[in-house]
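Student: Before I ask anything, let me first share the structure, which is written out below as structure tokens.
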Amino acid sequence: MIRHLVLFKLNDGIAKDDPRAVAAADALRPLGGIIPELTFWECAWNITDRPIAYDFAINSAVEDTDALQRYLDHPAHQAGVALWREIATWVIADYEF
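Sequential numbering of the sequence shown, starting at 2, is according to the numbering used here.
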């Protein structure tokens with residue numbers, strides 16, 4: 002199994018209630034039920050107000066590196082990436098567990 006973690010940091014001037022941020026989050030929420038490779042899926046806005054905190058997180062899992070690549074290439078995932086690219090930067094970690 003591979004854990005796929007993503008942490009998003011909104012760009013300066015973008016708040017989580019900005020319509021673009023709302024649309025980006027809404028695009029990701031249903032992916033767990035859309036992309037069959039995802040064996041675990043959760044995503045949510047950060048609830049703390051610390052300066053080092055990121056703003057939005059994805060915690061997901063797939064069976065193997067081939068499944069991870071299929072997830073990354075999936076059109077629904079790519080559509081979400083396009084929305085986030087306009088408003089945020091992010092970091093990822095993929096690891097076996």
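The C-beta atom is built at its ideal place from N, Cα and C for all residues, glycine as well.
This one's a predicted model, so the numbers in the text were calculated from it and none came from an experiment.
Quick one: grab the DSSP three-state call for H5.
Tutor: In the sequence shown, the residue the question calls residue 5 occupies position 4. Strand.
Student: Under a Cβ-count criterion, where at least 16 other Cβ atoms within 10 Å of its own Cβ denotes burial, should A22 be classed as buried or exposed?
Tutor: Position 21 of the sequence shown holds residue 22. A22 should be labelled buried.
Student: Does DSSP put A66 in a helix, a strand or coil?
Tutor: Counting from 1 along the sequence shown, the entry for residue 66 is found at position 65. Position check: residue 66 holds Thr in this sequence, whereas Ala was assumed. Helix.
Student: Using CA coordinates, which residue listed in D13, D27 and I36 is at the minimum distance from Y72?
Tutor: Counting from one through the sequence shown, the residue named residue 72 turns up at place 71. The shortest C-alpha separation from Y72 is found at I36.
Student: For Y55, I'd like the list of residues in its chain whose CB is within less than 7 Å of its CB, leaving aside the five on either flank, ordered along the chain.
Tutor: Mapped onto the sequence shown, residue 55 falls at position 54. The residues L8, F9, K10 and N47, in chain order, have a CB closer than 7 Å to that of Y55 in the same chain once the five nearest residues on each side in sequence are set aside.
Student: Per DSSP, A94 forms a beta bridge with which residues?
Tutor: On the sequence shown, position 93 is the one that residue 94 refers to. Paired residues: L6.
Student: In three-state DSSP terms, what is A16?
Tutor: Locating residue 16 in the sequence shown gives position 15, counting from the first residue. Three-state result, A16: coil.
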